[in-house]
Each structure stands twice: as structure tokens, then as C-alpha cells.
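Here is the structure we will look at.
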Amino acid sequence: MHPWHGRSGAMILAADRILLQPGDPEPVELVNADSRHPLVIVCEHAGRAVPAALAGLGLRPADMDKHVAYDIGAASVARKLAAAFGAPLVMQRYSRLVIDCNRPDDARDLIPEVSDGITVPGNCGLGPQDRCRRIAEIFLPYREALDRILDAAPRRIAIAIHSFTPVLAGISRPWDIGFLFRKDVATSHALARALSRRRPDLQVGMNQPYAIDDMSDWFVPQHGERRNLPHSLIEIRNDHLLTEEGCDRWAGLLAACLGELIEDHLS
Ligand SMILES: [Zn+2]
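Numbering (my numbering), first residue to last: 2 to 268.
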């Protein structure tokens, strides 16, 4: 394996596993791995696993059921979309509290000590070696798997499926769904138009509930923009995704919109 030079300047060798042990899940789950479908689906915040060696990060188990640990419902919506299209899906199994796979390696909150008011004892005062192991064993396999999937066939669009909490730091977020983008304005706007035609009652946010930037995002700058591949990061408010029926409804809606986009613009 080649050494990897992160944006932080750290050189990381990922040849040996030190953090992940037998019994820990593999970081990456691939669905429809051999598919040559032009759509690629990614879900960086799908999972809430914690390597056994990190002893639950010192959190109460109930904290791992909250949005701070993972994107509630996102994995279910992503799986349903992958099934609807027969498209490849790349998912991260480890919690974003272990390492956030939608961040550059020098992001301050790559391995957060505090997230939405919850202190993460297992992340406090980490040394460079501890950070490097999480990058090497969880973050890099994910990025490399996604690069391999994107390289494996002519891809025409990539979407990331996320969910957001209805209230953050005491502020309510009214949007039902947000489409996030920076340079590729067209893809997100086409999806938003297709959605609003079907469901004019929904409140659709463009670059809501937050905006993309190089310091806090990885998928849009590094996979979408760098490859000049049409893309959108889709954020669904997580109170819509608390049941399988809710996930079904939203996956169905998004599948219809994506199908229209692929048919009209990308085929
Ligand atoms: Zn997310």
C-alpha cells in the first residue's frame, strides 16, 4: 500500500491494522458493487459502529442512537434508492463520532471532542498516532472504495444521502429537504424542480441547512467537483425518516426525481 499524504501534511501508512480488530466490522459496505449504472450513491454517515478498542468512546449507549452519532434513516433511504436503480452504493459503517468521512483530514471536527453539546470522552486529547489510525483504517478505505466505484464505469451523477436534525443549538430548521452544492448548480436545481412539481407542499432548501465549504466537506469538493461529475448532497430532515414507511416514501420521491433527471439530461 502506498503512503497517503493528507491535507494536514501527515504521511499515513495504512498497511497494518492496529485499531480495528477481529470482530470489528469492515469500514465500507458496498451494495451493487459490480453495477455499471451511471448513478453512484454514497452515504458517509450511514453507520454508528465504534471499534471495540475505543470502548464506546466513553459515551452512554443511548447517545449512539442520536443524530450526533449518525444520520438517522439515511442508510435506509440510500439502500432503497440503490435497489430502485440497481446502482452502486458506498456506505461507511463507523459512526461520524469515530471519524467523519465527509471532512478533509485537517478539519477541526474530523474527530469531534464535542458534538451538538455532547462531549465525546474517547476523542478528547487524542495524539497524532490515534488520529492517524482512525484516518488510515476507517477514512482511507472509504475514500478509496468510493474512488474505485467512481472509476469502474462511466458515471454520470453522484448523490450523497444525509439527514439532519430538526433543531440544532436551539434553532428550528424548517426545510423538509435540502439540496447542497457549490459549483454544480444545475443538478441540485433540477432535482429541486422535479421534487417541487411532485410535492409543492414541501419546503425545499437550497444550500440548507448549511453551505458547502472546503473545510467542512469532502464529497462535493473532492468527488463531485474534482471529477467534474454532476452531483448533489441531499439532506432530508430526520423526523421524516423515523419509520420504514417514511424512508420508503422519501426514497420513492427521490427515485422519481433522479429517474427524471437521468432520463432527461444525462442519458
Ligand atoms: Zn450527514
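Cβ coordinates follow ideal geometry from the N, Cα and C atoms, glycine included.
Discussion item. Less than 8 Å between the C-beta atoms of Asp-1 and Lys-81, yes or no?
Written reply: Since the first residue shown for the chain is 2 and the last is 268, residue 1 is missing from the structure and cannot be characterised.
Discussion item. Just to check my reading of the structure: Ile-112 and Asn-124 have Cβ atoms closer than 8 Å, yes? What is that Cβ distance to the nearest angstrom?
Written reply: Taking the first residue of the sequence shown as 1, we reach residue 112 at position 111. Taking the first residue of the sequence shown as 1, we reach residue 124 at position 123. Approximately 5 Å separates the beta-carbon atoms of Ile-112 and Asn-124; this is inside 8 Å, confirming the contact.
Worksheet item: Excluding five sequence neighbours on each side, which residues of the same chain lie with their C-beta closer than 7 Å to the C-beta of Arg-228?
Response: Here residue 228 is taken as the residue at index 227 of the sequence shown, counted from 1. Leu-151, listed in sequence order.
Worksheet item: What's the C-alpha gap between Arg-37 and Glu-138?
Response: Here residue 37 is taken as the residue at index 36 of the sequence shown, counted from 1. Here residue 138 is taken as the residue at index 137 of the sequence shown, counted from 1. Roughly 27 Å separates the two Cα atoms.
Worksheet entry | Ile-150, enclosing alpha helix (DSSP H) - first and last residue | Your numbering for residue 150 matches position 149 in the sequence shown. Here the alpha helix (DSSP H) through Ile-150 covers 141 to 152.
Worksheet item: Within the present structure, is the beta-carbon of Asn-103 separated from the nearest heavy atom of ligand 1 by less than 7 Å?
Response: Residue numbering aside, residue 103 sits at position 102 when the sequence shown is read from its first letter. Yes, since a heavy atom of ligand 1 falls inside the 7 Å radius drawn around the Cβ of Asn-103.
Worksheet entry | Continuous beta strand (DSSP E) stretch holding Phe-180: start and end | For the purposes of this step, residue 180 is taken as residue 179 along the sequence shown, with counting starting at 1. Counting along the chain, the beta strand (DSSP E) containing Phe-180 begins and ends at 178 to 181.
Practice prompt. Would you tell me roughly how many angstroms separate the C-alpha atoms of His-232 and Ile-172, rounded to the nearest one?
Written response: Taking the sequence shown and counting its residues from 1, one reaches residue 232 at position 231. Taking the sequence shown and counting its residues from 1, one reaches residue 172 at position 171. Taking the straight line from one Cα to the other gives about 28 Å.
Discussion item. I want to check one thing, is the minimum distance from the CB of Asp-72 to the heavy atoms of ligand 1 below 7 Å?
Written reply: Locating residue 72 in the sequence shown gives position 71, counting from the first residue. Correct: Asp-72 has its Cβ closer than 7 Å to ligand 1.
Item to complete: Could you please give the first and the last residue of the uninterrupted beta strand (DSSP E) stretch that includes His-190?
Response: Numbered from its first residue, the sequence shown carries residue 190 at position 189. It is not in any beta strand (DSSP E) - His-190 instead sits in the alpha helix (DSSP H) that spans 186 to 199.
Worksheet item: So is Asp-265 buried or exposed if we call it buried at 16+ other beta carbons inside 10 Å?
Response: As a working mapping, residue 265 is identified with position 264 in the sequence shown. Exposed, since its Cβ has fewer than 16 Cβ neighbours within 10 Å.
Discussion item. On the CB-based measure, 16 or more other CB atoms within 10 Å of its CB, does Met-2 come out buried or exposed?
Written reply: The residue labelled residue 2 in the question sits at position 1 within the sequence shown. Legend: pLDDT at Met-2 = 43, less than 50; position of this residue unreliable, no value from coordinates given.
Worksheet item: Once you ignore the five residues that flank Val-41 on each side, which residues in its own chain have a CB closer than 7 Å to its CB?
Response: Taking the first residue of the sequence shown as 1, we reach residue 41 at position 40. Taken in chain order, the residues that qualify are Ala-88, Pro-89, Ile-150, Leu-151, Arg-156 and Ala-159.
Worksheet entry | Other residues of its chain near Ala-161: CB distance less than 6 Å, five sequence neighbours each side excluded | On the sequence shown, residue 161 is found 160 positions in, with the first residue counted as 1. Taking C-beta separations shorter than 6 Å and ignoring five residues to either side along the sequence, the partners of Ala-161 in its chain run Val-43, Phe-220 and Leu-234, following chain order.
Discussion item. According to DSSP, Leu-234 sits in a beta bridge with which residue or residues?
Written reply: The sequence position of residue 234 within the sequence shown is 233, counting from 1. Ala-161 and Leu-181.
Practice prompt. With Gly-87 as the anchor, note down where its alpha helix (DSSP H) starts and where it stops.
Written response: Within the sequence shown, residue 87 is the residue found at index 86, counting from 1. Here Gly-87 belongs to no alpha helix (DSSP H), and DSSP marks it neither H nor E.
Worksheet item: Which of helix, strand or coil does DSSP assign to Met-216?
Response: As a position in the sequence shown, residue 216 is number 215, starting the count at 1. Met-216: coil per DSSP, three-state reduction.
Fill in: Identity of the residue in Arg-134, Leu-255 and Ala-153 nearest Arg-199 by Cα
By 1-based counting over the sequence shown, the position of residue 199 is 198. Of Arg-134, Leu-255 and Ala-153, the residue nearest in Cα terms is Leu-255.
Worksheet item: Is the distance from the Cβ of Leu-242 to the Cβ of Gly-74 below 8 Å?
Response: In the sequence shown, residue 242 corresponds to position 241, counting from 1. In the sequence shown, residue 74 corresponds to position 73, counting from 1. A contact, by the Cβ cut-off of 8 Å.
Worksheet item: Can you tell me whether Met-92 is buried or exposed, with buried defined as 16 or more other CB within 10 angstroms of its CB?
Response: In the sequence shown, residue 92 corresponds to position 91, counting from 1. Counting Cβ neighbours within 10 Å, Met-92 comes out buried, since at least 16 surround it.
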